[in-house]
Amino acid sequence: MGFDMKKSTFVMALRALCGESSKSIWNRSREIYKRSWGWSDDDVISAFRRNPQCMILSEDKIMQGMNFLVNKMGWPSRVIATCPVILCFSLEKRIIPRCSVVKVLLLKGLIDEDFSLAYVVLPPEQPFLERFVIRYINRLPQLWDVYHGKLDVKDV
Numbered sequence: 743m744g745f746d747m748k749k750s751t752f753v754m755a756l757r758a759l760c761g762e763s764s765k766s767i768w769n770r771s772r773e774i775y776k777r778s779w780g781w782s783d784d785d786v787i788s789a790f791r792r793n794p795q796c797m798i799l800s801e802d803k804i805m806q807g808m809n810f811l812v813n814k815m816g817w818p819s820r821v822i823a824t825c826p827v828i829l830c831f832s833l834e835k836r837i838i839p840r841c842s843v844v845k846v847l848l849l850k851g852l853i854d855e856d857f858s859l860a861y862v863v864l865p866p867e868q869p870f871l872e873r874f875v876i877r878y879i880n881r882l883p884q885l886w887d888v889y890h891g892k893l894d895v896k897d898v
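So the sequence shown is numbered by this note's numbering: it starts at 743 and just counts up by one.
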């Protein structure tokens, strides 16, 4: 499948493919991504190569993450296939707070949509805060409350 045996993703891939009940978990995840989110077989394989863990997540974790990112945030499903590690992050602690801040900034016209989902979710907390909260806090003091879940996007 094109994994470099010297990299940690090879070990994760082996775990996903050779673990207990791996075939049924693989098939379940593949079907969820394909049927529910429109991924092709190539999307599934590509996502697996990028982050093998995306194939061993629980059905609930996959569905909740994809539902939020696709249906609430408007990201195309196939974009998540290009950076599937995002699904491994905590929805409540990382994805929702960051996406909520970005949604507010977009709605207020302070940023353009010219950035990737990875640009929002992948950076460590401090660079994210500097890039999306601290930079705009003077214009939108409510951003801090949005980030901490004390204020809903629609209330800003």
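All C-beta atoms in this analysis are idealised placements derived from N, C-alpha and C, irrespective of residue type, glycine included.
Everything numeric in this text was worked out from a predicted model, so none of it was measured.
Apart from sequence neighbours up to five positions away, the residues of its chain that approach V843 with a beta-carbon distance below 8 Å are F874, V875, L885, V888 and Y889, ordered along the chain. With at least 16 other beta carbons inside 10 angstroms of its own, F870 counts as buried.
The residue from G891, P865, P826 and P883 with its alpha-carbon nearest to that of R792 is P826.
Three or more beta-carbon pairs separated by less than 8 Å are not found between the segment 831–839 and the segment 792–802, which leaves the two stretches without contact.
Secondary structure in the segment 827–864: the alpha helix (DSSP H) runs of 4 residues or longer, each lying completely within the stretch, are 838–849 and 859–863 in chain order. The C-beta of M808 has 16 or more other C-beta atoms within 10 Å across all chains shown, which makes the residue buried.
Following the DSSP letters along the chain, one finds F870 inside the alpha helix (DSSP H) bounded by residues E867 to F870. Inside the segment 791–828, DSSP marks whole alpha helix (DSSP H) runs of 4 or more residues at positions 801–808 and 819–823, from first to last along the chain. I879 carries a coil assignment under DSSP once its states are collapsed to helix, strand and coil. The continuous alpha helix (DSSP H) containing V888 extends over residues L885 to Y889. By alpha-carbon distance to M805, the top candidate from R772, D785, K835 and D784 is R772. Between D802 and K748, the alpha-carbon positions lie close to 32 Å from each other.
Pairing L893 with L852 gives a Cβ-Cβ distance that is not under 9 Å.
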